[in-house]
Amino acid sequence: GGLPGTLNSDQPRDLDLPLRNRFYIQPLTPAEAAARAKESAKDIVAVKTLIEKKAWPYVQNDLRLKAEYLRYDLNTVISAKPKEEKKVLKELTGKLFDTISELDHAAKTKSTPEAEKYYAKTVSTLDDV
Numbered sequence: 046g047g048l049p050g051t052l053n054s055d056q057p058r059d060l061d062l063p064l065r066n067r068f069y070i071q072p073l074t075p076a077e078a079a080a081r082a083k084e085s086a087k088d089i090v091a092v093k094t095l096i097e098k099k100a101w102p103y104v105q106n107d108l109r110l111k112a113e114y115l116r117y118d119l120n121t122v123i124s125a126k127p128k129e130e131k132k133v134l135k136e137l138t139g140k141l142f143d144t145i146s147e148l149d150h151a152a153k154t155k156s157t158p159e160a161e162k163y164y165a166k167t168v169s170t171l172d173d174v
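Below, the structure written as C-alpha cells:
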C-alpha cells in the first residue's frame with residue numbers, strides 16, 4: 046500500500062532493500078509521472094474543504110506533501126519534452142509553485158481571505174499546467 050511513489054515505504058524493516066528504494070520518491074516514466082501529477086493536482090484542489098473548516102495544520106501538511114509529488118512529477122514530465130516546450134512549461138510550473146507557497150503562507154498565518162484568494166490562483170494555474 047502506501048501513497049503512490051512510495052511503493053516500498055511500507056517495508057521499512059526489509060533491510061535487503063537499499064535505503065534509497067525504501068524512503069525516497071520513486072522515479073517513474075513520464076506517462077506514469079503525468080498520471081501521478083494529475084492525482085496530486087486533484088488532491089491540492091481538495092484542500093478547499095480544509096480551508097473552509099479552517100483546519101490550517103492539515104491544509105499545510107496536505108499542500109506540502111502533494112506539492113512535493115507534483116514538483117517531482119512535473120520535472121520528470123518536463124525533462125521528456127522537446128527543448129522549445131521546456132521553457133514555457135518551466136515558467137508555468139514556477140508560477141504554480143509560487144502561488145502554492147503563497148497559499149501555504151496564508152495557511153501559516155491562518156488568514157482565510159488570503160487563503161481563498163491564493164487557492165483560486167493556484168487552481169487557475171493548475172488548470173493552465
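Sequential numbering of the sequence shown, starting at 46, is according to the numbering used here. Here a beta-carbon is modelled for each residue, glycine too, at the ideal position from N, C-alpha and C. Every value quoted in this text rests on a predicted model; they were computed, and no experiment measured them.
Entirely enclosed beta strand (DSSP E) segments - the segment 119-173, minimum 3 residues: none
Tell me which residues share the same chain as D173 and place their Cβ nearer than 7 Å to its Cβ, disregarding the 5 neighbours each side in the sequence. L137
Which residue from D149, K162, L171 and T167 puts its Cα closest to that of A100? D149
I70 by DSSP, collapsed to three states: which one? coil
Going by beta carbon distance, what residues of the same chain come within less than 7 Å of T144, once the five residues before and after it are set aside? Y163, K166, T167 and T170
I need the straight-line Cα distance from T154 to N106, nearest angstrom please. 14 Å
Using only CA atoms, which one of E113, K140, F142 and L134 lies nearest to S85? E113
Reducing DSSP to helix, strand and coil, say where V92 ends up. coil
What's the call for R81, buried or exposed, on a 16-neighbour Cβ count within 10 Å? buried
Quick one: is A78 buried, meaning 16 or more other Cβ sit within 10 Å of its Cβ, or exposed? buried
Cα-Cα, which of A152, T94 and D118 is closest to Q71? D118
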